[in-house]
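Undergrad:
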Amino acid sequence: MKRMLMIWVVLSPYVVLSPYIVFAQGKGPAGDALRQMLEGREKSTVAAFEEMPAAKFDFKPTPDQMTFGHLAAHIAEANYFLCASAGAVPQHKAEELKGTEGKDKLVAAMRASFEFCHTALASADDSKMSNNITWFDGKPRTRAWAFLGLSASWADHYGMAAMYLRQNGLTPPTAKAAKKD
């Protein structure tokens with residue numbers, strides 16, 4: 006009995022701490038997933054905005070929706086906030102865009118925001134997902150919100166851009182790729 010107790014005393018710290026040691030060694034599957042998604046989301050989204058003619062950056066499907074140019078500015082802003090929050094790095098201070106700056110400037114700003122995401126997400130670490138961040142509304146949220154919000158943001162914004170392209174008789178980049186298969 007004493008021998009069993011002695012073995013437990015020696016081994017218990019390792020048994021209790023092993024999950025923390027294992028998870029601390031890597032950045033984790035959620036951060037890895039964001040980093041893996043980034044390249045494809047960046048490629049598709051930037052290609053969608055390059056596809057739209059400059060003269061159509063003021064297009065909006067209905068009076069209540071944002072223009073295509075405003076969508077580009079919104080994506081850049083969201084990338085800076087969400088990638089900084091997910092990666093636990095300071096947010097980049099980019100020029101505030103209104104969406105009326107013209108295609109070249111807006112696409113360049115979007116590209117720069119995705120480049121920032123590459124840098125910021127390099128430090129995204131699942132072990133920090135329960136840490137608090139300040140969300141858009143000024144309220145505290147866990148960093149997990151940024152991980153989930155970033156993934157949802159990329160999907161939502163690309164879907165919006167694809168719809169705007171189709172309403173202008175253009176084929177979204179991912180649909181072009183599907184036609185080749």
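My numbering puts the first residue of the sequence shown at 6, with every later residue one more than the last.
We treat Cβ as the ideally placed atom computed from N, Cα and C, and that holds for glycine.
Since we're looking at a predicted model, the values are computed, not measured.
Among K32, Y85, L175, D131, which one has its Cα closest to the Cα of S158?
TA: Residue numbering aside, residue 158 sits at position 153 when the sequence shown is read from its first letter. Looking at the Cα atoms, Y85 is the closest of the given residues.
Undergrad: Given 8 Å as the limit, is there contact between the stretch 39-51 and the stretch 108-120, that is, 3 or more CB pairs closer than that?
TA: yes
Undergrad: Let me know if A29 comes out buried or exposed under the rule of 16 or more other beta-carbons within 10 Å of its beta-carbon.
TA: For the purposes of this step, residue 29 is taken as residue 24 along the sequence shown, with counting starting at 1. Its pLDDT being 43, under 50, A29 is placed unreliably by the model, and nothing is read from it.
Undergrad: Who pairs with T139 in a beta bridge, going by DSSP?
TA: Taking the first residue of the sequence shown as 1, we reach residue 139 at position 134. Paired residue(s): P145.
Undergrad: If I measure Cβ to Cβ from H75 and keep anything under 7 Å in the same chain, skipping five residues before and after, which residues do I get?
TA: Working through the sequence shown from its first residue, we reach residue 75 at position 70. Around H75: G104.
Undergrad: When we look at the beta-carbon of E47 and count the other beta-carbons within 10 Å, is it buried (16 or more) or exposed?
TA: Translated into the one-based positions of the sequence shown, residue 47 becomes position 42. Per the 10 Å Cβ criterion, buried.
Undergrad: Distance, Cα to Cα, D161 vs W150?
TA: Position 156 of the sequence shown, counted from the start, is the residue given in the question as residue 161. Position 145 of the sequence shown, counted from the start, is the residue given in the question as residue 150. Each residue's Cα considered, the two are about 16 Å apart.
Undergrad: Whole-angstrom Cβ separation of M134 and F121, contact assumed at under 8 Å?
TA: Residue numbering aside, residue 134 sits at position 129 when the sequence shown is read from its first letter. Residue numbering aside, residue 121 sits at position 116 when the sequence shown is read from its first letter. Not really, about 20 Å apart at Cβ, beyond 8 Å.
Undergrad: Would D109 and G36 qualify as a contact pair, given that the criterion is a beta-carbon distance under 8 Å?
TA: Within the sequence shown, the letter at position 104 stands for residue 109. Within the sequence shown, the letter at position 31 stands for residue 36. For D109 and G36, no; Cβs fall outside 8 Å.
Undergrad: I'd like the ranges of any beta strand (DSSP E) spanning at least 3 consecutive residues and lying wholly in the stretch 61-88.
TA: none
Undergrad: Quick one, which of K144, R148, F141, T179 has its alpha-carbon nearest L126's?
TA: For this step, residue 126 is matched to residue 121 along the sequence shown. Comparing Cα positions, the closest option is R148.
Undergrad: Which stretch, first to last residue, makes up the alpha helix (DSSP H) that contains L56?
TA: Numbered from its first residue, the sequence shown carries residue 56 at position 51. The residue you asked about is not Leu; residue 56 is Glu in the sequence shown. Note, E56: alpha helix (DSSP H), 34-56.
Undergrad: Rounded to a whole number of angstroms, what is the C-alpha to C-alpha distance between E44 and F119?
TA: Position 39 of the sequence shown, counting from 1, holds the residue named residue 44. Position 114 of the sequence shown, counting from 1, holds the residue named residue 119. Roughly 9 Å between the two C-alpha positions.
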